[in-house]
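Engineer: Got a structure for you, questions after.
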Amino acid sequence: MKETLQDIRTRRSCRKYTDEAVEEEQLRRVLEAGTYAATGHDTQSPRMVVVQDARQLSHLADLNAQVWGKPVDPFYGAPVAVFVLADKQAPTGLQDACLVMGNLMLAAHAEGLGSCWINRAKEMFEMEEGKAALAEWGIDAKRYEGLGICILGHAAPGGEGHAAPRKEDYVLYV
Numbered sequence: 003m004k005e006t007l008q009d010i011r012t013r014r015s016c017r018k019y020t021d022e023a024v025e026e027e028q029l030r031r032v033l034e035a036g037t038y039a040a041t042g043h044d045t046q047s048p049r050m051v052v053v054q055d056a057r058q059l060s061h062l063a064d065l066n067a068q069v070w071g072k073p074v075d076p077f078y079g080a081p082v083a084v085f086v087l088a089d090k091q092a093p094t095g096l097q098d099a100c101l102v103m104g105n106l107m108l109a110a111h112a113e114g115l116g117s118c119w120i121n122r123a124k125e126m127f128e129m130e131e132g133k134a135a136l137a138e139w140g141i142d143a144k145r146y147e148g149l150g151i152c153i154l155g156h157a158a159p160g161g162e163g164h165a166a167p168r169k170e171d172y173v174l175y176v
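So, in structure tokens, the structure goes:
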């Protein structure tokens with residue numbers, strides 16, 4: 003338990019990555035952790051789509067940047083992006099997908115990898131190009147929506163920040 007709490011305390015978002023590839027076994031373990039996220043009634047409703055191809059990553063990053071309205075790489079050069087999709091038909095679909103994202107980021111940290119939750123997945127997959135990507139992946143765009151993108155890779159120096167002090171009123175006992 004001490005290691006889990008330590009990982010929770012020390013995991014930070016990474017916004018700068020090296021060119022080093024993520025080892026297949028590391029990626030497999032991170033993804034497995036995502037599959038063990040708690041889901042309502044154990045429906046296992048979310049879907050994860052892993053993209054490692056540099057050309058496809060670049061195209062998807064461009065779509066995300068278009069939604070953001072900024073000419074930047076919103077994936078910060080990460081070599082892996084895991085697109086987490088929420089099942090719109092599941093009563094707890096959004097919550098389930100959020101827990102998958104949390105597990106992915108904590109597992110990445112435990113594996114010595116950097117990660118970051120990238121937003122705008124919902125808007126990306128509402129665009130025609132995003133719907134086409136989902137169709138290419140065999141995902142029904144009417145059933146699934148983008149929840150978040152977990153980018154993964156080896157953190158470059160200075161890529162991860164430090165935790166801010168916790169707010170005094172974060173927890174209220176009643």
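Numbering (my numbering), first residue to last: 3 to 176.
All C-beta atoms in this analysis are idealised placements derived from N, C-alpha and C, irrespective of residue type, glycine included.
Any heavy atom of the ligand COA closer than 7 Å to the Cβ of residue 153?
Structural biologist: Absence of the ligand COA from the depicted structure is noted, as is the absence of any ligand whatsoever, leaving it without description.
Engineer: Using a Cβ-Cβ cutoff of less than 8 Å, which residues in the same chain neighbour residue 141 once the five nearest sequence positions on both sides are dropped?
Structural biologist: For residue 141, where only same-chain residues beyond five positions count, the Cβ hits under 8 Å are 49, 51, 87.
Engineer: DSSP state of residue 151, grouped into three classes?
Structural biologist: The answer is strand: DSSP assigns residue 151 an E or B state.
Engineer: When the distance is taken between beta carbons, is residue 106 closer than 8 Å to residue 42?
Structural biologist: No. Outside cutoff.
Engineer: Rounded to the nearest angstrom, how far is the Cβ of residue 69 from that of residue 125, given a contact under 8 Å?
Structural biologist: With a Cβ gap of about 4 Å, residue 69 and residue 125 count as contacting.
Engineer: Spell out the partners DSSP gives residue 51 in its beta bridges.
Structural biologist: Answer by DSSP bridge pairing, in chain order: 85.
Engineer: Tell me the rounded alpha-carbon separation between residue 99 and residue 117.
Structural biologist: The straight-line gap from Cα to Cα measures roughly 16 Å.
Engineer: Would you identify the three-state DSSP class for residue 120, choosing helix, strand or coil?
Structural biologist: It is a strand residue.
Engineer: Among all the DSSP beta bridges, which residues are the ones paired with residue 16?
Structural biologist: DSSP output for residue 16 lists 162 as bridge partner(s).
Engineer: What's the gap between the Cα of residue 172 and the Cα of residue 165?
Structural biologist: Answer to the nearest angstrom: the Cα atoms are 15 Å apart.
Engineer: Could you check if residue 128 is buried or exposed, using at least 16 other CB atoms within 10 Å of its CB as the buried criterion?
Structural biologist: It counts as exposed.
Engineer: From residue 82 to residue 5, what does the alpha carbon distance come to, in whole angstroms?
Structural biologist: Distance between the alpha carbons of residue 82 and residue 5 is about 25 Å.
Engineer: Going by the CB atoms, is the gap between residue 149 and residue 32 shorter than 8 Å?
Structural biologist: Result no, Cβ atoms of residue 32 and residue 149 do not sit closer than 8 Å.
Engineer: Three-state secondary structure (DSSP) at residue 157?
Structural biologist: If DSSP states are grouped into helix, strand and coil, residue 157 belongs with the strands.
Engineer: Count Cβ pairs between the segment 9 to 23 and the segment 106 to 115 that sit closer than 8 Å; are there 3 or more?
Structural biologist: Verdict: yes, contact present.
Engineer: Let me confirm a value: residue 147 is counted as buried when at least 16 other C-beta atoms fall within 10 Å, else exposed. Which label applies?
Structural biologist: The residue in question, residue 147, is buried, as its Cβ has 16 or more Cβ neighbours within 10 Å.
Engineer: Since residue 63 is in the alpha helix (DSSP H), which residue starts that stretch and which ends it?
Structural biologist: Residue 63 -> alpha helix (DSSP H) spans 56 to 70.
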